[in-house]
Amino acid sequence: AQRVTQPEKLLSVFKGAPVELKCNYSYSGSPELFWYVQYSRQRLQLLLRHISRESIKGFTADLNKGETSFHLKKPFAQEEDSAMYYCALRGNYGQNFVFGPGTRLSVLP
Amino acid sequence: GAGVSQTPSNKVTEKGKYVELRCDPISGHTALYWYRQSLGQGPEFLIYFQGTGAADDSGLPNDRFFAVRPEGSVSTLKIQRTERGDSAVYLCASSLGPPGGVPTDTQYFGPGTRLTVL
Chain A
1 AQRVTQPEKL
11 LSVFKGAPVE
21 LKCNYSYSGS
31 PELFWYVQYS
41 RQRLQLLLRH
51 ISRESIKGFT
61 ADLNKGETSF
71 HLKKPFAQEE
81 DSAMYYCALR
91 GNYGQNFVFG
101 PGTRLSVLP
Chain B
1 GAGVSQTPSN
11 KVTEKGKYVE
21 LRCDPISGHT
31 ALYWYRQSLG
41 QGPEFLIYFQ
51 GTGAADDSGL
61 PNDRFFAVRP
71 EGSVSTLKIQ
81 RTERGDSAVY
91 LCASSLGPPG
101 GVPTDTQYFG
111 PGTRLTVL
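Residue numbers (the working numbering), protein chains in the order written: chain A, 1 to 109; chain B, 1 to 118.
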């Protein structure tokens, strides 16, 4: 069965510090992994997906199939990065998504 | 342009009642998804439409839940005999194309409907 875990419910870092939001998954095939973000009073939106191999707002994420992880990283956190972050997986057949429980990132001044 | 809209934004009902939740996707988007988000959890997939047909309804928890998209645009999620456990935020998302097509499969989410069953 598809499963996504995010071990931290809350992560607090100071502005300018590096940040890493952890995501692990279980899936028997080759999944596609995503990070979604929800800023305060805004809608859930796509941040990045592994297949695009891009950096968005300074964030990157690398799919590690050996460790079944897709951790989200940013070298220097900004206060505006404070938000709820969800890791999500879509299986081989490209249909439904499985979301993790989310991690709330708080960037302190 | 206009994003995905959902009505009502809040719905309070009594146990056992019937409710309908509406989703207006972005114009031209062929794919539409429904999710349920309980407090402290991530969104949970319910159903996916491609056009008018339900391509995947494996996430519907039981036969009290039903969704339609008769003209391939607006969708309605229907819940019969509501239970207190149905209380959650119901999210709708739409994408230009079906899953697997990058970037046309990017999902755009609505603001959600908060359902409270007393």
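Backbone N, C-alpha and C fix where the C-beta goes; we use that ideal spot for every residue, glycine too.
- At a Cβ-Cβ threshold of 8 Å, A:L72 and A:Y27 do not count as neighbours.
- Residues K78 of the same chain have their beta carbon placed closer than 7 Å to that of B:F66, with the five preceding and five following residues left out of the count.
- Partner residues in the beta bridge of A:E32, as assigned by DSSP, are A:R90.
- Inter-residue distance for A:L44 and A:G100 is about 13 Å (C-alpha atoms, whole angstroms).
- Scanning chain A for C-beta atoms nearer than 8 Å to the C-beta of B:S95 yields nothing, as the closest lies near 10 Å away.
- Per the C-alpha coordinates, the member of A:Q6, A:A17, A:V98, A:R3 positioned closest to A:E79 is A:A17.
- Looking at the backbone, the Cα of B:I26 and that of A:P7 are separated by about 34 Å.
- For the C-beta of A:R104, not a single chain B residue is nearer than 9 Å; the gap to the nearest is close to 10 Å.
- Every unbroken stretch of the beta strand (DSSP E) spanning 3 or more residues and falling wholly within the segment 30-57 of chain B is given here in chain order: 31-37, 44-50, 53-56.
- For B:T106, the residues of chain A that pass the 7 Å Cβ criterion are L46, in the order they occur in the chain.
- Taking B:L46 as reference, the option from B:G28, B:T52, B:T82, B:R36 with the minimal CA-CA separation is B:R36.
- Counting C-beta pairs closer than 8 Å gives three or more between the segment 101-110 of chain B and the segment 46-62 of chain A, which meets the contact rule.
- Contact between the segment 72-89 of chain B and the segment 16-24 of chain B is present: three or more C-beta pairs spanning the two stretches fall below 8 Å.
- For B:S87, the closest alpha carbon among the candidates B:F49, B:E14, B:P103 is that of B:E14.
- Residue range 19-24 is occupied by the beta strand (DSSP E) that includes B:C23.
- Chain-order list of chain B residues neighbouring A:F97: F45, by C-beta distance under 7 Å.
- Close to B:G16, with beta-carbon spacing below 7 Å, lies no residue of chain A; the smallest spacing is near 29 Å.
- DSSP, reduced to helix, strand and coil, places B:E71 outside both helices and strands of the structure shown, so it counts as coil.
- Around the beta carbon of B:P8, a 10 Å sphere encloses fewer than 16 other beta carbons of the protein chains shown; the residue is thus reported as exposed.
- In terms of CA proximity to A:V107, A:L10 leads the group A:L10, A:Q2, A:F70.
- Following the DSSP letters along the chain, one finds A:K74 inside the beta strand (DSSP E) bounded by residues 72-74.
- By the rule that beta-carbons nearer than 8 Å mark a contact, A:R3 does not touch chain B.
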